[in-house]
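Numbering follows numbering that gives the first Met the number 0, with no gaps: position 121 of the sequence shown is 120.
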Amino acid sequence: MKAMAIANFGSPEVFVKTEVDKPTPRNNEVLVKVYATSVNPADCGMRQGSFGPRVKLPAILGFDVSGVVEAVGENVKDFQVGDEVYYAIAHEEGGGANAEYHVANESTIAKKPRNISHLKAASVPVAGGTAWAALITRANIKVGETVLIHGGAGGVGTFAIQIAKAAGAYVYTTCGGYDTDFVKSIGADRAIDYRNEDFINIIMQETGGQGVDVTFTTVSGDILAKSLVVTKAEGRAVTVTGVEGDLNIAIFKNITVYFTHLDQTRPKLDALRTLIERGQIKPVVSKTFSLHQVAQAHKTFEEGGEGVRGKIVVQVV
Ligand SMILES: NC(=O)c1ccc[n+]([C@@H]2O[C@H](COP(=O)([O-])OP(=O)(O)OC[C@H]3O[C@@H](n4cnc5c(N)ncnc54)[C@H](OP(=O)(O)O)[C@@H]3O)[C@@H](O)[C@H]2O)c1
């Protein structure tokens, strides 16, 4: 089968076309013909070599999959040939979606939302699953609560805004000034330009000095530490990125701080599918590249900024 692999770590130019054996499903595994995948920060980190020795070269990267089941192992119960499925490849497996086929354990995959294309579906598992894990599994947001989502125009952020709205929250979000109208169009109540405005001043002023119930940090650096200033006493703060700075204010304010890593499971994907099929979540794909253009997809993703909203997807078929 055709694949795009990396033979060395480094810049996006390390991708090379390759031919590898088509995998065979065993026991509880399914063989999925990959229609589309997407670019996530973890793909770029792996490509750069920042995941250490667990990535063995040559490596096929890519965590998100939307595709069709082509064969099933003898113990598979819930899926059959022809099913449209979507999933995130288990992180410990190190990716592998930049290829025509992938083999997955049936416990990690779910039926794809019927009302969206494979291109849109491939944008959901990692980013949507991460937003779900942060806001629902960890922060357990409630109707009427106020939530601050950093990076609202990004992959995780666009899902987080829509999940928070579906859960009945009032949503503050930070984004580039060029994206304020966009984040409002997907449900944000208040958009703050992170390049030109101070989210701490704005939120403290607009909440009468109280702050918000929940903060969600999708941007590395000292954003979590700063967010604790605007998290209410007894509130919750969730981060999915590494952090810098002093978190001790959380002690005095009795804030619960969650560090979350995606554990992709079928119930999370089933819940996201329900919201997508109801139209409460609309995956945002701003750019599409072919499998052979995956280097360009990585480059565009890493440049970010104006014009890169939601997800960048890679069409495999
Ligand atoms: N723990 C996990 O399991 C897990 C899973 C998935 C992702 N993550 C992490 O989550 C983070 C976000 O991932 P992603 O896929 O959403 O990335 P992404 O698509 O690149 O989105 C990041 C967004 O943050 C914005 N941004 C940059 N600096 C900002 C700042 N100072 N304040 C507010 N917004 C800012 C960017 O806007 P501009 O481009 O306009 O600057 C961009 O829209 C990454 O660090 C990733 O590693 C963790």
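Beta carbons are placed, not taken as given, at the ideal position from N, Cα and C, and that holds for glycine.
Sub-9 Å separation of residue i and residue j beta-carbons
i       : j       : result
Ile-160 : Ile-185 : yes
Gly-234 : Thr-214 : yes
Glu-83  : Arg-113 : yes
Val-242 : Thr-216 : yes
Val-125 : Gly-95  : no
Leu-318 : Val-256 : Because the chain is modelled from 0 through 316, residue 318 falls outside the range shown and cannot be assessed.
Ala-35  : Gly-66  : yes
Phe-50  : His-297 : no
Phe-58  : Ala-4   : First, the amino acid is wrong: residue 58 is Ala here, not Phe. Cβ atoms of Ala-58 and Ala-4: closer than 9 Å.
Val-38  : Val-239 : no
Glu-340 : Ala-2   : Residue 340 lies beyond the range of the chain shown here (0 to 316); nothing can be said about it.
Leu-30  : Val-64  : no
Gly-156 : Ala-132 : no
Lys-21  : Tyr-100 : yes
Ala-61  : Val-54  : This sequence places Gly at residue 61; Ala is not what is there. Against a cut-off of 9 Å, the Cβ pair of Val-54 and Gly-61 comes out as no contact.
Ile-140 : Ala-166 : yes
Burial state of residue i, where buried means 16 or more other Cβ atoms lie within 10 Å
i       : result
Gln-263 : buried
Ser-106 : exposed
Asn-97  : buried
Gly-128 : buried
Gly-44  : exposed
Glu-276 : exposed
Ile-202 : buried
Val-284 : buried
Thr-230 : buried
Pro-266 : exposed
Ile-250 : exposed
Gly-317 : Because the chain spans 0 through 316 in this model, residue 317 falls outside it and cannot be assessed.
Lys-111 : buried
Ala-6   : exposed
Asn-178 : The amino acid occupying residue 178 in the given sequence is Asp; Asn does not appear at that position. By the 10 Å Cβ count, Asp-178 comes out buried.
His-260 : exposed
Glu-91  : exposed
Leu-56  : exposed
Glu-144 : buried
Pro-52  : exposed
Thr-273 : exposed
Terminal residues of the alpha helix (DSSP H) in which residue i lies
i       : result
Ala-120 : 117–120
Asp-180 : 179–184
Thr-273 : 265–276
Ala-163 : 154–165
Asp-262 : First-last for Asp-262: undefined, no H or E at that position.
Ala-204 : For the sequence presented, residue 204 should be read as Gln rather than Ala. Gln-204 -> alpha helix (DSSP H) spans 198–205.
Gln-47  : 40–47
Ile-88  : No alpha helix (DSSP H) holds Ile-88; DSSP gives it neither H nor E.
Ile-250 : 248–251
Thr-129 : 124–131
Cα-Cα separation, residue i to residue j
i       : j       : result
Gly-304 : Gly-175 : 7 Å
Arg-25  : Val-102 : 9 Å
Tyr-171 : Leu-268 : 25 Å
Phe-300 : Val-307 : 7 Å
Gln-292 : Asp-245 : 41 Å
Ala-232 : Gly-9   : 44 Å
Phe-198 : Val-142 : 23 Å
Lys-310 : Ser-122 : 6 Å
Val-315 : Ser-116 : 13 Å
Ala-41  : Ala-294 : 15 Å
Ile-280 : Gly-210 : 27 Å
Asn-195 : Ile-135 : 30 Å
Asn-247 : Leu-223 : 11 Å
Lys-252 : Pro-282 : 35 Å
His-149 : Asp-180 : 15 Å
Continuous beta strand (DSSP E) stretch holding residue i: start and end
i       : result
Thr-299 : Run containing Thr-299: none in the beta strand (DSSP E); it sits in the alpha helix (DSSP H), 293–302.
Asp-212 : 211–216
Val-228 : Per DSSP, Val-228 belongs to no beta strand (DSSP E); it is in the alpha helix (DSSP H), 222–228.
Thr-17  : 14–18
Leu-147 : 145–148
Asn-104 : 100–104
Asp-192 : 189–192
Met-0   : Element bounds for Met-0: n/a, residue is neither H nor E.
Glu-69  : 63–71
Lys-141 : First-last for Lys-141: undefined, no H or E at that position.
Lys-286 : 284–289
Ser-37  : 28–37
Ile-311 : 310–314
Check: residue i C-beta below 8 Å from any heavy atom of ligand 3
i       : result
Gly-303 : As far as ligands go, the structure on display features ligand 1 and does not contain ligand 3.
Please list, following the chain, all residues that have a C-beta closer than 5 Å to any non-hydrogen atom of ligand 1. Near ligand 1, residues with a Cβ at less than 5 Å from any of the ligand's heavy atoms are Pro-40, Thr-129, His-149, Gly-150, Ala-152, Gly-153, Gly-154, Val-155, Thr-173, Gly-175, Tyr-193, Thr-217, Val-218, Val-239, Thr-240, His-260, Leu-261, Gly-303, Gly-304; the list follows chain order.
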